[in-house]
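First up is the structure itself, then whatever we jot down about it.
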Ligand SMILES: Nc1ncnc2c1ncn2[C@@H]1O[C@H](COP(=O)(O)OP(=O)(O)OP(=O)(O)O)[C@@H](O)[C@H]1O
Ligand SMILES: [Mg+2]
């Protein structure tokens, strides 16, 4: 018999050891996404402003974030914040992931806002609404609906990207796998375990977003 | 009610409105006709300040409206608009569409707005559709909702930009009847349309536009039966 160095039969018994790490991954992801949504919406609104002074910072932010690797951004925030300002590592990972996702979500929101037929804005104006009111009551509700599919996609990317927090010593799934793996000499097995965790979480997320999409039924396109 | 003096509008180098003068009296119904691209929509949009004319003056109730003013939204409360493609809010029900203006802009209490909304929907014959979404009703019904929505702001004047031209022929009548009723009630209206029935039935005055200018105006009888300008004659021959 060939001696296989791997023992996948141990996998089920190791699952519980990752509960805490999975919880941490979930926290980084959810908080990162929430921060990203807020930053994304603000940036999108700045981006579509007619004033160059308001547009400028938004463009700059998107340019920087999309032009550099997330891992580098995490390092910069980690060494910039954790070392000097002494904030918790988890927080710095959340900020890193949030700031990163904000730039991508800004583009999603901007695309959705600009895809709304201009007749909608004109109808709102013709009722006497101000720009702000028209945006809040008429444009944004429709734009949010249209953002759901691409946002869902971005959420899944964010969930997977949270694994990069392992590089800045946050004991989420991936780092935990490396630690348990090296102490038990079962590296590959532990990677398979966290792989299953990620798959489970992304699958649940996909189903949830799909359900939301259906509920919002993007049927009422044009009126 | 509305006076437009020497209005000029350019899109880039394209001179779309050339020294347009119009005045609309209270309770008057003015129909604007003219070939595609002659500037009819642009004129209405300038009156409602959805577009800004570069030159000329617009007076509403004797007061000049300066396009720079931050109070454009206040002016627009008095100038309703009905669009070719309805532009109903798809995320709101029929009733919510109608009461959006009064509740959000005029701060009318919800109960009062709903009462007004139902009343207006009844007037356009759509009481039973109050809780439908725009995607669930026909084009003719959509346009009647749009009219009710504009009326809900109790505007001093209503502008219509080809309100029936996006409709299937069999749905045109129901919208024109509603508009005709409004005209008979004394609503001040400026209507871009090529529906001769409406023009003859409801218009006090018909204006013919060509290439950004007003070429001829007069009573429907005069314009339709003995137009003076040869371009008006040629145009009418085409559409009649
Ligand atoms: N936003 C715009 N930018 C540039 N050109 C425009 C714009 N809107 C209209 N135009 C041009 O201005 C001219 C007048 O257009 P307008 O829509 O007012 O004509 P119209 O009389 O309403 O025509 P139609 O019967 O086709 O609706 C046309 O040549 C049109 O191409
Ligand atoms: Mg037009």
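Chains as they are written, first to last, in this note's numbering: chain A, 12 to 234; chain B, 516 to 755.
Every residue, glycine too, gets a C-beta built ideally from N, C-alpha and C.
Predicted, not measured: the structure shown is a model, and the values here were computed from it.
Next item on the list: Give a yes or no on whether 9 angstroms exceeds the smallest Cβ distance from residue 596 of chain B to chain A.
Entry: yes
Check: Would you say residue 200 of chain A and residue 17 of chain A are within 9 angstroms of each other, going by their C-beta atoms?
Finding: yes
Notebook entry, point to check: Does DSSP classify residue 153 of chain A as helix, strand or coil?
Noted result: helix
Next item on the list: Leaving out five residues on either side along the sequence, give the residues of the same chain with a beta carbon under 7 angstroms from the beta carbon of residue 233 of chain A.
Entry: Low local confidence applies: a pLDDT of 45 at residue 233 of chain A is under 50, so the model's placement there is unreliable, and no value is given.
Notebook entry, point to check: What are the residues of the stretch 623 to 642 of chain B that lie near chain A, defined by any Cβ-Cβ distance shorter than 7 angstroms?
Noted result: none
Checklist line | Span of the beta strand (DSSP E), counted from its first residue to its last, around residue 530 of chain B | finding: 529 to 539
Checklist line | Beta-carbon proximity check, residue 519 of chain B vs residue 535 of chain B, cutoff 9 angstroms | finding: yes
Margin query: Please identify the residue among A:182, A:194, A:215 whose C-alpha is closest to the C-alpha of residue 100 of chain A.
Written below: A:182
Notebook entry, point to check: Any idea what DSSP makes of residue 72 of chain A, helix, strand or coil?
Noted result: helix
Next item on the list: Please check the pair residue 674 of chain B and residue 596 of chain B, which I expect to be a contact at CB under 8 angstroms, by giving their CB distance rounded to whole angstroms.
Entry: 5 angstroms
Next item on the list: At 7 angstroms on the CB atoms, spell out the chain B contacts of residue 154 of chain A, in chain order.
Entry: Simply none; closest approach about 10 angstroms.
Next item on the list: Report the partner residues of residue 38 of chain A according to the DSSP bridge assignment.
Entry: Note: residue 38 of chain A sits in no beta bridge, so no partner.
Check: Cα-Cα, which of A:156, A:170, A:43 is closest to residue 119 of chain A?
Finding: A:156
Notebook entry, point to check: Can you give the Cα-Cα distance for residue 42 of chain A and residue 132 of chain A, rounded to whole angstroms?
Noted result: 33 angstroms
Notebook entry, point to check: Using the C-alpha atoms, what's the distance from residue 617 of chain B back to residue 625 of chain B?
Noted result: 9 angstroms
Notebook entry, point to check: How is residue 209 of chain A classed by DSSP in three states: helix, strand or coil?
Noted result: helix
Check: Where in the stretch 648 to 676 of chain B do unbroken runs of the beta strand (DSSP E), each at least 3 residues long, occur, reported from the N-terminal end onward?
Finding: 672 to 676
Check: Excluding the five sequence neighbours on either side, which residues of its own chain have a C-beta within less than 8 angstroms of the C-beta of residue 657 of chain B, listed in chain order?
Finding: 601, 603, 649
Item checked: Contacts around residue 23 of chain A, its chain only, beta-carbon distance under 6 angstroms, and the 5 residues preceding and following it disregarded -> none
Notebook entry, point to check: Does DSSP put residue 218 of chain A in a helix, in a strand, or in coil?
Noted result: helix
Notebook entry, point to check: Can residue 146 of chain A be considered in contact with ligand 1, in the sense that its beta carbon sits closer than 8 angstroms to one or more heavy atoms?
Noted result: no
Note to self: Please state the DSSP three-state secondary structure of residue 583 of chain B.
What the structure shows: coil
Notebook entry, point to check: Counting only runs that start and end within the stretch 159 to 213 of chain A, where is the alpha helix (DSSP H) found for 4 or more residues in a row?
Noted result: 184 to 195
Note to self: Rounding to the nearest angstrom, what Cα-Cα distance links residue 149 of chain A and residue 72 of chain A in this structure?
What the structure shows: 27 angstroms
Next item on the list: Tell me residue 118 of chain A's beta-bridge partners as DSSP assigns them.
Entry: According to DSSP, which records beta bridges pairwise, residue 118 of chain A is partnered with nothing at all.
Next item on the list: Give the interface partners of residue 694 of chain B over in chain A, defined as CB-CB distance under 9 angstroms, in chain order.
Entry: Near residue 694 of chain B there are no residues of chain A at all, since even the closest Cβ is about 17 angstroms away, more than 9 angstroms.
Check: Is the CB-CB distance between residue 195 of chain A and residue 29 of chain A below 9 angstroms?
Finding: no
Check: What first and last residue would you give for the alpha helix (DSSP H) that runs through residue 25 of chain A?
Finding: 22 to 25
Margin query: So, for residue 81 of chain A: in the same chain, excluding its five sequence neighbours on each side, which residues have a beta-carbon less than 7 angstroms away from its beta-carbon?
Written below: 111, 172, 175
Item checked: Distance cut-off 8 angstroms: residue 707 of chain B Cβ against heavy atoms of ligand 2 -> yes
Check: Around the C-beta of residue 113 of chain A, are 16 or more other C-beta atoms found within 10 angstroms, so that it is buried, or is it exposed?
Finding: buried
Check: Grouping DSSP H, G and I as helix and E and B as strand, with all else coil, what is residue 720 of chain B?
Finding: strand
Checklist line | residue 756 of chain B, DSSP secondary structure in three states | finding: Given that chain B is displayed from residue 516 to residue 755, the structure contains no residue 756 of chain B and the question cannot be resolved.
Item checked: 7 angstroms Cβ shell around residue 563 of chain B - same chain, five flanking residues per side excluded -> 591, 594, 596, 674
Checklist line | Where residue 748 of chain B meets chain A, residues with beta-carbon distance less than 8 angstroms | finding: Neighbours of residue 748 of chain B on chain A: none; closest Cβ ~35 angstroms, over 8 angstroms.
Check: With C-beta atoms as the reference, is residue 517 of chain B less than 9 angstroms away from residue 537 of chain B?
Finding: yes
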